[in-house]
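Protein chains in written order, with the working numbering: chain P, 128 to 334; chain U, 543 to 763. We treat Cβ as the ideally placed atom computed from N, Cα and C, and that holds for glycine. In what follows, a single structure is set out as structure tokens and then discussed.
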């Protein structure tokens, strides 16, 4: 019963949402919106609580075991500090909560995002080594794409930009669409398997 | 059934981690939630990986951005360890929720990779801008990396930075392949047949449109 009940709920909701999604009736549409937007928000609030409890538990255990202690202390302090600041002074533009958000959280996130620039450079360096015919084709295509996106493309030759555009619009786009068709079919079969109860891994296992 | 290169490498990646006495890291990416088919497919692979790590007594670290995914992963890993016959080897603390923020998640997983130095990294699920940050960090510590996602943009990064990449629908096929379940395998086979039919229709439509440019039946309305 522990597995059968969630499976039945999942199957029924899956079929219901499928019908509601493809139905043009206004009641069906508003019901679809209610389930997707409002129910989802309620479920999300509970899951966030679940996440916070797990986060505290895991980090407290880590502190006890003296594993990565400084990081865990900072993480727990931040978890407590932000709601306290929001509850006492609110979350308006000039509140301490927003000050911490704008001056600590946002710069830290930007720093991690900025790492991408260096990682793209190191990954490109490895990817563009022409060790085979395929890697050579990749290198030439990448060079053409890079040139076409800079002023150099037009300066070196008038043909660079149209050629790069052709590469993007035809060989690259057709490969991308082939992958997307496969992904669409894969998603569809997985969803059907979940709705029909054939796929039960999300309940813990197949057997 | 066709063979998938990345699948053969799973056993090798777990064996390597065991031999090097280092953990294995599996993460589903920041882009998906539990209702996304990619996450479900990723769970199937996690189940198989967990069963093997249970047998080899290799620590499995599973950080995620979503508390629901965390709960499902805990259940999947626990069941896999029971199936392998080693329920006592489950380390619940290694299956953790880190942050819902994209770069908070990326920083946390990066930190876990840098501090624990896993011998193998599995990046299977829905990834966005964090894909290359994680893959390059894994690459920098010399981990064997198996990746797979449904995002065509992030696939390019994985192909460059990882040892094996499950491209698009290979992720779904791999999960079906690993389950060994006849009904799941037959749905993967049906998926392949539909794909061939779509390819045939596309070829016919291309020829038709070339011969008779005024025809419209092949156009998406």
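Closest Cα partner of residue i within the set the options
{"i": "residue 711 of chain U", "options": "U/726, U/700, U/733", "result": "U/733"}
{"i": "residue 686 of chain U", "options": "U/611, U/700, U/696, U/695", "result": "U/700"}
{"i": "residue 187 of chain P", "options": "P/201, P/174, P/176, P/175", "result": "P/201"}
{"i": "residue 737 of chain U", "options": "P/262, P/159, P/313", "result": "P/313"}
{"i": "residue 198 of chain P", "options": "U/554, U/714, U/657", "result": "U/657"}
{"i": "residue 696 of chain U", "options": "U/567, U/565, U/571", "result": "U/571"}
{"i": "residue 724 of chain U", "options": "P/296, P/156, P/325", "result": "P/325"}
{"i": "residue 205 of chain P", "options": "P/221, P/183, P/192", "result": "P/183"}
{"i": "residue 317 of chain P", "options": "U/583, U/556, U/745", "result": "U/583"}
{"i": "residue 585 of chain U", "options": "U/547, U/565, U/613, U/563", "result": "U/613"}
{"i": "residue 242 of chain P", "options": "U/746, U/674, U/662", "result": "U/674"}
{"i": "residue 145 of chain P", "options": "P/226, P/247, P/160, P/170", "result": "P/160"}
{"i": "residue 322 of chain P", "options": "P/246, P/150, P/218, P/137", "result": "P/137"}
{"i": "residue 670 of chain U", "options": "U/659, U/560, U/694", "result": "U/694"}
{"i": "residue 708 of chain U", "options": "U/680, U/668, U/744", "result": "U/668"}
{"i": "residue 731 of chain U", "options": "U/589, U/714, U/594", "result": "U/714"}
{"i": "residue 589 of chain U", "options": "U/578, U/561, U/664", "result": "U/664"}
{"i": "residue 659 of chain U", "options": "U/618, U/641, U/681", "result": "U/681"}
{"i": "residue 176 of chain P", "options": "U/579, U/642, U/633, U/615", "result": "U/642"}
{"i": "residue 130 of chain P", "options": "U/747, U/579, U/621, U/739", "result": "U/621"}
{"i": "residue 180 of chain P", "options": "P/155, P/163, P/207", "result": "P/207"}
Exposed unless 16 or more other CB atoms sit within 10 angstroms - verdict on residue i
{"i": "residue 741 of chain U", "result": "exposed"}
{"i": "residue 692 of chain U", "result": "buried"}
{"i": "residue 756 of chain U", "result": "exposed"}
{"i": "residue 139 of chain P", "result": "exposed"}
{"i": "residue 152 of chain P", "result": "exposed"}
{"i": "residue 234 of chain P", "result": "exposed"}
{"i": "residue 165 of chain P", "result": "exposed"}
{"i": "residue 608 of chain U", "result": "buried"}
{"i": "residue 329 of chain P", "result": "buried"}
{"i": "residue 258 of chain P", "result": "exposed"}
{"i": "residue 147 of chain P", "result": "buried"}
{"i": "residue 230 of chain P", "result": "exposed"}
{"i": "residue 168 of chain P", "result": "exposed"}
{"i": "residue 636 of chain U", "result": "buried"}
{"i": "residue 745 of chain U", "result": "exposed"}
{"i": "residue 603 of chain U", "result": "buried"}
{"i": "residue 172 of chain P", "result": "exposed"}
C-beta contact flag for residue i and residue j at 7 Å
{"i": "residue 596 of chain U", "j": "residue 628 of chain U", "result": "yes"}
{"i": "residue 672 of chain U", "j": "residue 703 of chain U", "result": "no"}
{"i": "residue 174 of chain P", "j": "residue 610 of chain U", "result": "yes"}
{"i": "residue 666 of chain U", "j": "residue 576 of chain U", "result": "no"}
{"i": "residue 268 of chain P", "j": "residue 294 of chain P", "result": "yes"}
{"i": "residue 688 of chain U", "j": "residue 706 of chain U", "result": "yes"}
{"i": "residue 654 of chain U", "j": "residue 601 of chain U", "result": "no"}
{"i": "residue 599 of chain U", "j": "residue 558 of chain U", "result": "no"}
{"i": "residue 567 of chain U", "j": "residue 716 of chain U", "result": "no"}
{"i": "residue 228 of chain P", "j": "residue 213 of chain P", "result": "no"}
{"i": "residue 626 of chain U", "j": "residue 564 of chain U", "result": "no"}
{"i": "residue 271 of chain P", "j": "residue 291 of chain P", "result": "yes"}
{"i": "residue 764 of chain U", "j": "residue 594 of chain U", "result": "Lying outside 543 to 763, the shown extent of chain U, residue 764 of chain U is not represented and no answer is given."}
{"i": "residue 729 of chain U", "j": "residue 320 of chain P", "result": "yes"}
{"i": "residue 275 of chain P", "j": "residue 264 of chain P", "result": "no"}
{"i": "residue 619 of chain U", "j": "residue 592 of chain U", "result": "yes"}
Bridge partner(s) assigned by DSSP for residue i
{"i": "residue 605 of chain U", "result": "U/638"}
{"i": "residue 707 of chain U", "result": "U/689"}
{"i": "residue 319 of chain P", "result": "Partner(s): none; residue 319 of chain P has no beta bridge."}
{"i": "residue 662 of chain U", "result": "U/566, U/686"}
{"i": "residue 667 of chain U", "result": "U/691"}
Neighbouring residues, chain A, relative to residue i (Cβ below 7 Å)
{"i": "residue 614 of chain U", "result": "Protein chains P and U are contained in the structure displayed, whereas chain A is not."}
Taking 8 Å as the threshold, find out whether the stretch 640 to 659 of chain U comes into contact with the stretch 555 to 573 of chain U through three or more Cβ pairs.
-> yes
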